[in-house]
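Numbering (this note's numbering), first residue to last: 399 to 448.
All residues carry an ideal CB built from backbone N, CA and C; glycine is no exception.
1) Tell whether a beta-carbon distance below 7 Å holds between residue 426 and residue 413.
2) Please list the terminal residues of the continuous alpha helix (DSSP H) segment that includes residue 406.
3) Would you check whether the ligand SAH has a heavy atom nearer than 6 Å to the C-beta of residue 429?
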């Protein structure tokens, strides 16, 4: 995702990122903040309750 945002100039809100659980989402946000900065704060999550 960092490549898409930084190099290809894709808006973060146009990228779908899937994670398996809340810990994975937390880790993903942390890594992306380190790579792309505050634009990572636009990441939302959808968790299944199945």
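By the coordinates alone:
1) Within the chain shown, the letter at position 28 stands for residue 426. Within the chain shown, the letter at position 15 stands for residue 413. No, they are not a contact pair.
2) Taking the chain shown and counting its residues from 1, one reaches residue 406 at position 8. Here residue 406 belongs to no alpha helix (DSSP H), and DSSP marks it neither H nor E.
3) As far as ligands go, the structure on display features none, and thus does not contain the ligand SAH.
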